[in-house]
Structures are given as C-alpha cells and as structure tokens.
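What follows is one structure encoded as structure tokens, with my remarks underneath.
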Amino acid sequence: MNFTAPLLLTLKLSTITTFILFIIGVPFAYWLAFSKIRLKFLLESVVALPLVLPPTVLGFYILMAIGGNSFIGRWYEAIFNKSLAFSFQGLVLGSFLYSLPFAVQPFQTAFLGVDRRLLETSWSLGRSRLYTFFHVILPLSRQGMLTGCVLSFAHTLGEFGVVLMIGGNIPGITRVASVSIYDEVQSLNYGSAYIYSSVLLSLSFAILTIVYFINRRFVRTI
Amino acid sequence: MLNVCLKKTWDTFRLDVAFEIPRGKVTTLFGPSGAGKSTVLRLISGLEMADGGMIHNGKEIWFDETKAIHLPPQRRSIGFLFQDFALFPHLTVEKNVAYGIKEKKRLREVKDLLSLAGLSGYEHHYPAQLSGGQKQRVALIRALATKPDLLLLDEPLSALDWEARRQLQEDLKRIIKQFGITTLSVTHEVTEVYKLADYVIVLESGRIVKKGTPEEVFLGKKLSTRIQIVGKVVGIESDFIMAAVTVMHEDQYFKTLIDTEEIQRLNLKIGDDIVIGAKSSDVILFKVLTKS
C-alpha cells in the first residue's frame, strides 16, 4: 500500500491538473490566439516562463504566494480552515502553473492553424464566434488539443522541483513518485528507486508513443 | 438596391469607390489583380472595416462611418463564396450545406439544394473526396442555403482548370438566375464577365474607371487602354472563330479562343463583321520584313 500510494497520488495529481488545464487552458489559449490587444506578448512570456525557469524558482514564488503569510494563503485558510501550502490542493495549483505552457501553447498553435477562411465562412453564414469555436475551431484542433493534454499529463507526472518546494514530502498527501525516488535514493533503497523510476519511465514512454502514433494517423487522414 | 461607398487607405494604396448593386442582378467587379476588388468584397461582407463611407442594403444600414455603425458579418445577410471554396473539411457535404441553416424545419431543403447542384448521392462524402467543380458547387449552395440578401463571389472559378471552368460557369449562372439573388462577383477575366455579369464595374488602382453593361464597357468607344481590330468572320470551328482582319490585311486570319457558346450568343455567321477587343498589353505587334 505504502509503495503504490506515491504512484497513485502522482496519477491523481496529473489527471486533475490536466483536467483543470483543459478547462482553463482552452478559453485562455483562444483568447491568446485571437485577441488583438497590444500587450499580449507580455502575457505570452509569462505563460512560457515555466519552460525556462528552474522549477525551484517557480516553486519558491508559488510557496511565497500561497504560504500562511500571503494574501492567498490567509484567504484560503479562512475559507477552508487549512493551509494551502503543503497540501494536495497546493500541489494542484503548482502543477497547473508549472504545466501551463505545455497545454496552452499547443492549444494556441492549433487554434491559429485553423484556416482563417473557414472562420470567415462560418461568420458569413451567420454563425457567432462561440458557435464557430465549437463547430469549426475545436474539431479541427483535435490533434493540438490531444498533444496539449498529453504533454501536460506527462509533464506533471515527472515534476519534482515545484512539488518538493510547495508540497514537501508528506506521505499520502504530497509525496508523489518523483519525490519518492529522491527519498529512496537518500535512504540508499536503490531497489525501490528502480521500481518507481521504471514505472515512470514506462508510463511516460507509453504516453508519448500513443501521442506520436495518433498524430501520425491524423496526418494520414488529412 | 444596395448602395456602397467605401474609403480605405493603407500605406501605399487608397481605395475610394462608390457604386450601386441592383437587386436580382449580377454585378461584376472587373480589374487587374491589386486593383482592390477582393478588398471591396471583404469590406461589404464586414470581414474588414472601411475608414469611411457607408453600405446601405435598402433601408438597412450595414456600415455607416458617420453614424458609427459597423454590423459584423453575422448580421449582414450575405453569402460569401471564397476563391478556394473554404469547405469545412471535417463535415460531410450535407452538413456543410446545412451549416448556416438555423431553423430545423428548413433542413429538409438541403436535399433539394443538393439535387439542384447535381450533387445528389454525395450527401455523406467529405470535401477531400470531391473534385474541384463539386467543391465549388457545394460552397455555392452552402452560401445560398441561408437565403442571403447578397451573394459575394471572389473569383469563383479561378481555382479550377479550364474544362471544369467552362462547365461551372454554366452551373453558376443557372443556379444564380434560379435563385434570382443579388450578386456581386469579382474577376479579372473578360470571359467570366460576359458569362455572368449583367453589370460591370471596372476597377483600377482602387478607383472605378468605368461602369455599365458588359457591352457598354468593353465595346464602347472609350477603350483607351485597349485596341480594336475590325474584321470579317471567315470560319467557325468548334471553339474558335477565324476572322479576316479587314483593317490590317485581307488574308491575315485571326484565331481566337472564344467558345461555341459565345459564337451562338452573338449568332455569328461567316461573312459577319466583327470587332475583336483585346487589352493592348496582351498584344505584340511585329513588322513583317519583305525582301526587296
């Protein structure tokens, strides 16, 4: 039980994070893709930051932002009567921010890749922007949507620095597989570290293989 | 009647046009590429906004700069046929045609539209499975399915090969006439103007240089940028006429690719006097050197 708990927690974290990224990332990516405001590039840079920032830096700032002394931390504690830092919810928030570019960028690229003529045709046929989004943009962005979701999932699966900074190493709550590997190696339990590592490796490999396979099929059907 | 007056300025280009689009007729914007023809269509459709002017569809105002009115394309009652047809690749022919139909009970009309366009049996095909000509017909009836006040055609035949073009000119004409829909089309080909247009507006560098029926525009006397050759028809073959050019030399035959339809339309017979108009830029003159 103790052995599988970090793996299950990792899967739970990845699934929830991917789901939230999908729900928030899709409208956000749409806005980034089609908004004409001038300062958009600033926001795009912020979204891309986790790609280049050391996870510990991101983790540190998130910890400062959600810690007991912060506005968000105090607000959360007042409502839910518990701390956001070092909790599973805190991990979800951290993972969300950390994997944001992995979801938003493929979504945005996919939306922009839809032939503009098709959007204009839809508008000229009397259909609203919302209708056009659901009936033209989304179906034609399937590949990018799938890529974004799977990359977010796989990326969350393997995150370490952010998780350690804001979640610590609490068994059953914040101790995910990647942290467990570090922990086991520190305790010289190489056997367990091997098993965790091989599970993560196989899972990541399987996920990426599926994505590339599906992408190839998409390309062929188009 | 649609009244159109549009002004728009880019860095190096200035569009300034005013014209009317009569109801139930086909009006064609004709001119070289870069004259601003497609831009006019985009401004009328609402896909782009003019700097100044107005577009009135009868009493309805689609655009009026002084009143700060700019209706989005969704509210303009237009059908827009793009050059490359822009069919939704993920939808079947049937769903493409039904895309703009909002009333459920009108969905039954899709079948009639498909048969009108000779596409019965293709309901469940995807655009990728269609020929260029079929795609164009799907795009046309899709644009007509919403019963728009104005049909906009942006070089509707340019993406097709010559053979398909000939066939489709006919289909296009037949379907447009059947619907009696007010149409504004864009082309840079004279034959297309003759095939489709009731009225022509000649556009050059963002300005209107001539308006009228195709005959008035192309055969009138003010053809400053064109040359005319006068001659007699000496032979008619399947797709060209031979004419003796009387003003140059009796024996020099003129072969021109005017399809049989055109010959029939003009009721040409051998011995008829004809005038052939050509753009001066398309004609090369040679001086014949004779041995002395």
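If you read the sequences in order, they're chains X and C. Residues 318 to 539 (the working numbering) make up the first sequence, in order. Residues 42 to 333 (the working numbering) make up the second sequence, in order. No residue lacks a Cβ here, since even glycine has one placed at the ideal position from N, Cα and C.
Report yes or no: is there a C-beta of chain C within less than 8 angstroms of the C-beta of residue i?
i                : result
Ser445 (chain X) : yes
Val453 (chain X) : yes
Ser458 (chain X) : no
Ser352 (chain X) : no
Leu429 (chain X) : no
Leu518 (chain X) : no
Ser416 (chain X) : no
Leu463 (chain X) : no
Arg434 (chain X) : yes
Val343 (chain X) : no
Ser331 (chain X) : no
Where residue i and residue j are concerned, what is the direct C-alpha to C-alpha distance, given to the nearest angstrom?
i                : j                : result
Ala471 (chain X) : Cys46 (chain C)  : 56 angstroms
Ile62 (chain C)  : Thr69 (chain C)  : 9 angstroms
Lys541 (chain X) : Leu349 (chain X) : No answer is possible for residue 541 (chain X): the residues shown for chain X start at 318 and end at 539.
Gly173 (chain C) : Gln210 (chain C) : 13 angstroms
Val421 (chain X) : Val258 (chain C) : 55 angstroms
Ser79 (chain C)  : Gly87 (chain C)  : 12 angstroms
Ile337 (chain X) : His131 (chain C) : 27 angstroms
Val151 (chain C) : Leu408 (chain X) : 53 angstroms
Phe351 (chain X) : Leu457 (chain X) : 16 angstroms
Gln124 (chain C) : Ala205 (chain C) : 15 angstroms
Asn44 (chain C)  : His166 (chain C) : 40 angstroms
Phe71 (chain C)  : Lys176 (chain C) : 24 angstroms
Ile85 (chain C)  : Phe104 (chain C) : 8 angstroms
Tyr347 (chain X) : Phe428 (chain X) : 7 angstroms
Asn308 (chain C) : Gly99 (chain C)  : 38 angstroms
Phe129 (chain C) : Asp153 (chain C) : 20 angstroms
Taking CB distances under 8 angstroms as the criterion, tell me whether residue i reaches chain X.
i                : result
His131 (chain C) : yes
Phe60 (chain C)  : no
Glu114 (chain C) : Looking at the sequence shown, residue 114 (chain C) is not Glu but Pro. So, interface residue.
Ser172 (chain C) : no
Phe121 (chain C) : yes
Ala200 (chain C) : no
Thr187 (chain C) : yes
Asp125 (chain C) : yes
Ser86 (chain C)  : yes
Gly335 (chain C) : Residue 335 (chain C) is absent from the structure shown; chain C starts at 42 and stops at 333.
Can you tell me whether residue i is buried or exposed? The criterion is at least 16 other CB atoms within 10 Å of its CB, across all chains shown.
i                : result
Leu225 (chain C) : buried
Ser504 (chain X) : exposed
Met462 (chain X) : buried
Tyr513 (chain X) : buried
Asn137 (chain C) : buried
Ala401 (chain C) : In the structure as shown, chain C begins at 42 and stops at 333. Residue 401 (chain C) is therefore absent and cannot be evaluated.
Asn386 (chain X) : exposed
Glu476 (chain X) : buried
Arg178 (chain C) : buried
Cys466 (chain X) : buried
Tyr140 (chain C) : buried
Gln219 (chain C) : exposed
Ile354 (chain X) : exposed
Leu244 (chain C) : buried
Val496 (chain X) : buried
Glu101 (chain C) : exposed
Pro371 (chain X) : exposed
Arg83 (chain C)  : buried
For residue i versus residue j, is the C-beta spacing smaller than 8 angstroms?
i                : j                : result
Val234 (chain C) : Gly253 (chain C) : no
Ala402 (chain X) : Gly430 (chain X) : no
Thr373 (chain X) : Gly478 (chain X) : yes
Gly120 (chain C) : Ala184 (chain C) : yes
Val67 (chain C)  : Ile217 (chain C) : yes
Ser331 (chain X) : Leu474 (chain X) : yes
Leu213 (chain C) : Leu181 (chain C) : yes
Thr133 (chain C) : Glu106 (chain C) : no
Val58 (chain C)  : Arg248 (chain C) : yes
Thr50 (chain C)  : Asp92 (chain C)  : yes
Thr223 (chain C) : Asp190 (chain C) : yes
Ala76 (chain C)  : Ser246 (chain C) : yes
Val528 (chain X) : Thr464 (chain X) : yes
Ala494 (chain X) : Leu525 (chain X) : no
Leu442 (chain X) : Thr187 (chain C) : yes
Asn532 (chain X) : Gln425 (chain X) : no
Q) Is the number of C-beta pairs between the stretch 517 to 530 of chain X and the stretch 407 to 419 of chain X that are closer than 8 angstroms three or more? A) With a cut-off of 8 angstroms, the stretch 407 to 419 of chain X and the stretch 517 to 530 of chain X do not count as touching, because too few Cβ pairs lie within range.
Q) Can at least three beta-carbon pairs, one atom from the stretch 214 to 234 of chain C and one from the stretch 192 to 199 of chain C, be found at a separation below 8 angstroms? A) Because the criterion of three Cβ pairs below 8 angstroms is met, the stretch 214 to 234 of chain C and the stretch 192 to 199 of chain C touch.
(Q) I want to know whether the stretch 435 to 448 of chain X touches the stretch 390 to 397 of chain X - three or more CB-CB distances under 8 angstroms. (A) No, because fewer than three Cβ pairs between the stretch 435 to 448 of chain X and the stretch 390 to 397 of chain X fall closer than 8 angstroms, the two stretches do not touch.
Q. Below 8 angstroms, can you find three or more Cβ-Cβ pairs linking the stretch 105 to 119 of chain C to the stretch 441 to 450 of chain X?
A. Yes, the stretch 105 to 119 of chain C is in contact with the stretch 441 to 450 of chain X.
Q.
Quick test of the definition: if touching needs 3 or more C-beta pairs under 8 angstroms, does the stretch 339 to 349 of chain X touch the stretch 416 to 427 of chain X?
A. Yes, the stretch 339 to 349 of chain X is in contact with the stretch 416 to 427 of chain X.
Q. Below 8 angstroms, can you find three or more Cβ-Cβ pairs linking the stretch 486 to 499 of chain X to the stretch 318 to 327 of chain X?
A. Yes, they touch.
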